[in-house]
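Chains as they are written, first to last, in our numbering: chain A, 111 to 405; chain B, 9 to 170. No residue lacks a Cβ here, since even glycine has one placed at the ideal position from N, Cα and C.
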């Protein structure tokens, strides 16, 4: 259960509250972890894999070899990072020619991809390595909230590269959320995309936002206290997306929380401890709601 | 530079010609409901000719994999789209904003690098202002740049816009 924590770009550089919350949770749960020092962008699957697969494999494998040296599995807290690193790892393990080509690039920096470790996603890791029961036992503040769980795409898909459950009706994430005392509220199009992936947010923002608006509308209809996701790209799309949509006259006001942050809250940390007040949108109502739940 | 696959390889590798145009992919596509992406038509285009390479809707796919998961013929639809995108990119078809993101990666090793406002947020959380990534490891950043150069990434992403 030795792991190295891969931060990626968005967590440390846009939503550091997720980084802080993850650190606190891994410590509280007694996980043998360390940060993956010197890692780069995963690199993001939507654009960089699209441009050139060799580059995508070279950069992803560099990140993986940093963790191979430590003999630790890589833990990702982002669906995009997971998509890139897990898929690249599998491709290189299964394809000797690609492995040889990638290693010839890596040889220039004195690295060599061996294929000795796995890439994990925090939801899958918590579910299978810690378990719902142990998490329940650790909770000091049951959250008793109505929550819209958003899986995001690359945690589960492509299913040919994933060990986790059903693509259409998964439950692992819902079980982890309910372990904290929350109710996972069902809503239409729950398994739909946030709109950000595939480089759509970066180049075609209006299209991304239209998909986000559709999904937020379904979540709004379910009457929840917050959205819980496990991907900072989805986090940004829902959070900053609500700011953009409000500017266009459509206000939602649904707080967006990464699972690490929700878990840290249930372990007794405050909203400020894990940076929920640092979201782009105003989350003060949510922070007040938490305060009122203290007793 | 290894280069992009050929369109013939994409068709072969991802079973594109097995498409019977049933439309399950389009019916499952979140982008298709909001934008002009019609996955069913795009698959047909990929299977028939090279026109798909310059089809603007190629870049509207969020890679959510709904279409690929549900395809009754097991066609690697998203994987094919990614591969066709790489052919397009190697031929100079890259959107300006994507080129910008590629430049960020080349300069900082991150698609979204740190800025002063977020250094401040990190300090509010008692985190180091710079994360433990290549942002605080200059030699790591050098290695990343060397890999990008070895793969010819700058040449691929630096061409003229379509």
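The criterion of a C-beta distance shorter than 7 Å is satisfied by residue 130 (chain A) and residue 133 (chain B). Inside the region 237-301 of chain A, DSSP marks whole beta strand (DSSP E) runs of 3 or more residues at positions 256-259, from first to last along the chain.
Across the set A:252, A:191, A:198 and A:296, the C-alpha of A:252 shows the shortest separation from the C-alpha of residue 376 (chain A).
Residues of chain B whose Cβ lies closer than 9 Å to the Cβ of residue 130 (chain A) are, in chain order, 130, 133, 134 and 135. Sequence-distant partners of residue 113 (chain A) (beyond 5 residues in either direction) whose C-beta falls short of 6 Å from its own C-beta, in its chain, are 143, 182, 183 and 185. Contact annotation: residue 305 (chain A) and residue 318 (chain A) have beta-carbon atoms nearer than 7 Å. Listed along chain A, the residues sitting closer than 8 Å to residue 142 (chain B) by beta-carbon distance are 148, 149 and 150. Measuring C-alpha to C-alpha distances from residue 190 (chain A) to each of A:158, A:216 and A:168 identifies A:158 as the nearest. Residue burial is scored here from C-beta neighbours: residue 360 (chain A) has fewer than 16 other C-beta atoms within 10 angstroms and is therefore classed as exposed.
Contact of residue 277 (chain A) with chain B by beta-carbon distance below 7 Å involves 77.
Among the residues facing chain A, residue 139 (chain B) is included, as its CB has a counterpart in that chain under 7 Å away. The beta carbon of residue 199 (chain A) sits closer than 6 Å to those of 174 and 229, all from its chain and outside the five residues before and after it, given in chain order. In the structure shown, the three-state DSSP call for residue 71 (chain B) is coil. Within 7 Å of the CB of residue 163 (chain A), the CB atoms of chain B belong to 94, in sequence order along the chain. Within 8 Å of the CB of residue 117 (chain A), the CB atoms of chain B belong to 139, 140 and 141, in sequence order along the chain. Taking 4 residues as the shortest admissible run, the region 82-148 of chain B contains the following complete alpha helix (DSSP H) segments, listed from N- to C-terminal end: 85-98, 104-116 and 124-132. Between the region 145-156 of chain A and the region 116-127 of chain B, the count of Cβ pairs shorter than 8 Å is three or higher; the stretches touch. Note on geometry: alpha-carbon atoms of residue 13 (chain B) and residue 220 (chain A) lie some 28 Å from one another. Of the candidates A:125, A:234 and A:255, the residue whose Cα lies closest to the Cα of residue 128 (chain B) is A:125. Annotation: the continuous alpha helix (DSSP H) that includes residue 328 (chain A) extends over 315-332.
Residue burial annotation: residue 71 (chain B) is buried, with at least 16 other C-beta atoms found within 10 angstroms of its C-beta. At a cut-off of 7 Å, the C-beta of residue 317 (chain A) has a neighbouring C-beta in chain B. The region 321-340 of chain A makes contact with the region 260-276 of chain A: 3 or more CB pairs, one atom from each, lie closer than 8 Å. Sequence-distant partners of residue 390 (chain A) (beyond 5 residues in either direction) whose C-beta falls short of 7 Å from its own C-beta, in its chain, are 349, 350 and 353.
Approximately 6 Å separates the beta-carbon atoms of residue 329 (chain A) and residue 364 (chain A); this is inside 8 Å, confirming the contact.
If you draw a 10 Å sphere on the C-beta of residue 279 (chain A), you find fewer than 16 other C-beta atoms in it, and that means exposed.
For residue 302 (chain A), the chain B residues whose Cβ falls inside 9 Å of its Cβ are 38, 72 and 74, in order along the chain.
A direct Cα-to-Cα measurement between residue 103 (chain B) and residue 313 (chain A) gives close to 7 Å. Residues of the region 142-168 of chain B that bring their beta carbon within less than 7 Å of a beta carbon in chain A comprise 142, 145, 148, 151, 152, 154, 155, 156, 158, 159, 161, 164 and 165, in sequence order.
Each of B:23, B:33 and B:97 was checked against the Cα of residue 161 (chain B), and the nearest Cα belongs to B:97. Inside the region 163-230 of chain A, DSSP marks whole alpha helix (DSSP H) runs of 4 or more residues at positions 163-179, 189-204 and 206-216, from first to last along the chain.
Boundaries around residue 116 (chain A) are those of the beta strand (DSSP E), 113-116, since no alpha helix (DSSP H) includes it.
When Cβ-Cβ separations below 7 Å define contact, residue 105 (chain B) makes contact with chain A. In this structure, the beta-carbon distance from residue 194 (chain A) to residue 168 (chain A) does not fall below 7 Å. The C-beta of residue 380 (chain A) comes no closer than 7 Å to any C-beta of chain B. Distance from the CA of residue 38 (chain B) to the CA of residue 30 (chain B), rounded to the nearest whole angstrom, comes to 17 Å.
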